[in-house]
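In terms of numbering that gives the first Met the number 0, the sequence shown opens at residue 0 and continues consecutively. All residues carry an ideal CB built from backbone N, CA and C; glycine is no exception. Since this is a predicted model, take the numbers as computed values, not measurements. Working notes, beginning with the structure itself.
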Amino acid sequence: MDKKMRKIWNKILDGFRENAKDPSQARYEKSTSSTQASLIICAGLALLVFVLYYRIAYAFCTMEGLQDMKAHAEFALHFYLNPEVFFKAWLRVPHMLWHLIVKVFQSRVHMPLLAAASFTFALFGVFSYAVTAWFLYKLLRAYTGQERLGLASFGSALLSFVGPLIMEWFADGYAGQFTPNPLHNPTHIATKGFGMLAMMAGIDIIRRYRGQETVFFQGKRLYLYFGLFSFFSALAKPTFMYMLLPAGMIVILLDLLNGAWKKSPSVKTVWNAAWKLAVATLPTCAYILTEYIALFFFGREQGTSVVLTKPLEVWHFFSLDVPTSILLGMCFPIWMLLTNLGYFYKSVEGRLGVLGYLTGVLEFSVLAESGDRKDAGNFAWCMMAGMTIFFAVSLCRLTLSTMQQKSGAKHAAYVVVSWFLLFLHVYSGLSLYNAFSGIL
Numbered sequence: 000m001d002k003k004m005r006k007i008w009n010k011i012l013d014g015f016r017e018n019a020k021d022p023s024q025a026r027y028e029k030s031t032s033s034t035q036a037s038l039i040i041c042a043g044l045a046l047l048v049f050v051l052y053y054r055i056a057y058a059f060c061t062m063e064g065l066q067d068m069k070a071h072a073e074f075a076l077h078f079y080l081n082p083e084v085f086f087k088a089w090l091r092v093p094h095m096l097w098h099l100i101v102k103v104f105q106s107r108v109h110m111p112l113l114a115a116a117s118f119t120f121a122l123f124g125v126f127s128y129a130v131t132a133w134f135l136y137k138l139l140r141a142y143t144g145q146e147r148l149g150l151a152s153f154g155s156a157l158l159s160f161v162g163p164l165i166m167e168w169f170a171d172g173y174a175g176q177f178t179p180n181p182l183h184n185p186t187h188i189a190t191k192g193f194g195m196l197a198m199m200a201g202i203d204i205i206r207r208y209r210g211q212e213t214v215f216f217q218g219k220r221l222y223l224y225f226g227l228f229s230f231f232s233a234l235a236k237p238t239f240m241y242m243l244l245p246a247g248m249i250v251i252l253l254d255l256l257n258g259a260w261k262k263s264p265s266v267k268t269v270w271n272a273a274w275k276l277a278v279a280t281l282p283t284c285a286y287i288l289t290e291y292i293a294l295f296f297f298g299r300e301q302g303t304s305v306v307l308t309k310p311l312e313v314w315h316f317f318s319l320d321v322p323t324s325i326l327l328g329m330c331f332p333i334w335m336l337l338t339n340l341g342y343f344y345k346s347v348e349g350r351l352g353v354l355g356y357l358t359g360v361l362e363f364s365v366l367a368e369s370g371d372r373k374d375a376g377n378f379a380w381c382m383m384a385g386m387t388i389f390f391a392v393s394l395c396r397l398t399l400s401t402m403q404q405k406s407g408a409k410h411a412a413y414v415v416v417s418w419f420l421l422f423l424h425v426y427s428g429l430s431l432y433n434a435f436s437g438i439l
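Right, here's the structure in full:
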């Protein structure tokens, strides 16, 4: 029995070491698609994302009752250039990037309000799609040396619609499950693209101090890019940065501790990057703090504050079975993590994807707003931001596995099962928003 267990354990360790190798060491199938075909695919999928996002948003805007989308759209009317009126509106909604753009379309382009809201929502959806496609494209090129824009665009389009798996027997199918694409909320979609860009700049900063080549940005402006993208993300909705900044700090801290443990001179390099990153983040942190004070002390949430709560107390408002809700919402990324532990442990994007999601889960599990606002579960937005990057990194790993020059039924079955799980998430997401019947 001991020999059998030892043999199984050795196989597990061998598998861990194998997928912990840098993916660029693997051999990949050569691309046969032309650049022109890839551009057409990218543009066609962008149009599809725009149309679906527009129709979904418009359906929410025209529903009976005050839906989230409609409430935000109507509030956009309060933003005027008059300083006093603008300040009063800002006190109520400091994360107002989406609202300002809606106001411009409504007042300057003379669009009807609901059309302006839906159009702005669709624009941010396409922006997030483009950023995610760039994320996948750049990583695939860095690891394989190939231009795979069509494949990256296809993956990004899928990620634009992933949702929790359909299980009608589980609390009416969706209660207590969460998604990286809450398409009823415009501010979350508005922050996704900027949040992903900030994460990409952060990955490049970490890769650079590790002595690796950057993937997404060139030159010496990485800290400027990170500061700029993180600021716009907070301006759209601060919750992405609530997740990303702590997760990034954990990654850097682990590198510092690892260098100190090995007594490596890299500690100085990591520390140098850490304080520069902290300085670059100051404008974002200052705005988030100002926003917090404005909203909770002078704005519409006066008397409310962020408090520590019992673990999972708020989550149980939405679901009595938290493990099941996590599994149904994150089946694909969890599968990819369990089958690629080495990649998620070793690579910068893998480690940041997992830690980002875990940070979001922790924040949602123990933090809440006081009073009646506790029922809103607003720290779920942090977890859904973590889901966004975990799904994106998982898809990158799956795409690399698909491109590998590996033969055999075992590898083929793994790729088929993995894509099936992802497609199931996409089908579930589209079904959740009635994209097949009520909207199209």
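| said: Taking the straight line between their C-alpha atoms, what separation do you get for GLY341 and TRP8? | reply: 15 Å
| query | On the three-pair Cβ rule with 8 Å, is the stretch 349-365 touching the stretch 387-399? | reply | yes
| request: With DSSP collapsed to three states, give me the class of GLU83. | output: helix
| Taking the runs of the alpha helix (DSSP H) that are 4 residues or longer, which of them lie wholly in the stretch 315-383? | 321-328, 330-338, 340-345, 347-365
| task | Grab me the residues of LEU44's own chain with a C-beta within less than 6 Å of its C-beta, minus the 5 sequence neighbours each way, in chain order. | result | SER152, ALA156
| request: Could you have a look at VAL425 and say whether DSSP puts it in helix, strand or coil? | output: helix
| query | Whose C-alpha, out of ASP374, LEU327, LYS309, is nearest the C-alpha of LEU361? | reply | LYS309
| task | Figure out for me which residue from GLY407, ILE333, ASP371, SER400 has the closest Cα to the Cα of LEU420. | result | ILE333
| Where VAL313 sits in the DSSP three-state scheme | coil
| query | Can you name, in chain order, every residue of its own chain whose Cβ lies under 8 Å from the Cβ of PHE177, other than the five neighbours on each side? | reply | PRO163, SER324, GLY328, ALA379, MET382, MET383, MET386
| field | Pair within 7 Å by beta-carbon distance, PHE239 and THR190 | value | yes
| query | What whole-angstrom Cβ distance do VAL101 and VAL48 have, given they're in contact under 8 Å? | reply | That belief does not hold up - the Cβ atoms of VAL101 and VAL48 are roughly 19 Å apart, past 8 Å.
| request: Report yes if the C-beta distance between ALA279 and TYR208 is below 7 Å; otherwise report no. | output: no
| LEU439 classed as buried or exposed, judged by whether at least 16 other C-beta atoms fall within 10 angstroms | Only weak support exists for where LEU439 lies, its pLDDT of 44 falling under 50; the coordinates are left without a value.
| Candidates LYS29, MET199, VAL365: closest to VAL130 by CA position | MET199
| said: Mapping the DSSP letters down to three states, classify TYR27 as helix, strand or coil. | reply: strand
| Which residues mark the beginning and the end of the alpha helix (DSSP H) in which VAL103 is found? | 96-106
| The alpha helix (DSSP H) with VAL306 in it runs from where to where? | VAL306 -> not in any alpha helix (DSSP H); beta strand (DSSP E) instead, spanning 305-307.
| said: Is it buried or exposed, VAL92, if we count other Cβ atoms within 10 angstroms and call 16 or more buried? | reply: buried
| query | If we count Cβ pairs, one from each stretch, closer than 8 Å, do we get three or more for the stretch 10-29 versus the stretch 407-415? | reply | no
| What residues are listed by DSSP as bridge partners for GLN403? | TYR27
| said: Can you give me the C-alpha to C-alpha distance between VAL161 and LEU307, rounded to a whole angstrom? | reply: 31 Å
| task | Counting only the same chain and skipping the five closest in sequence on each side, list residues whose C-beta sits under 6 Å from that of LYS69. | result | CYS60
| message | If distances are taken between C-alpha atoms only, which option among SER304, THR283, LEU281, LEU319 comes closest to ILE479? | response | Within the shown structure, residues of the chain are numbered from 0 to 439, placing residue 479 beyond reach of any answer.
| task | With a 10 Å radius around its C-beta and 16 neighbouring C-beta atoms as the bar for buried, classify HIS315 as buried or exposed. | result | exposed
| task | To the nearest angstrom, report how far apart MET242 and TYR432 are at their CA atoms. | result | 26 Å
| field | Cβ contact check for the stretch 209-223 and the stretch 131-150: 3 or more pairs under 8 Å | value | yes
| query | From LEU294 to LEU96, what does the alpha carbon distance come to, in whole angstroms? | reply | 16 Å
| Are the beta-carbon atoms belonging to ALA259 and VAL266 less than 7 Å from one another? | yes
| query | If you run the structure through DSSP and keep just helix, strand and coil, what is ARG16? | reply | helix
| Does DSSP classify VAL269 as helix, strand or coil? | helix
| said: Is the beta carbon of TYR53 closer than 7 Å to that of SER444? | reply: Outside the modelled stretch of the chain, which goes from 0 to 439, sits residue 444, for which no answer is possible.
| Assigned secondary structure, GLU63 (DSSP; H/G/I helix, E/B strand, else coil) | coil
| query | Among the residues of its own chain, which have a CB less than 8 Å from the CB of LYS262, if the five just before and after it don't count? | reply | none
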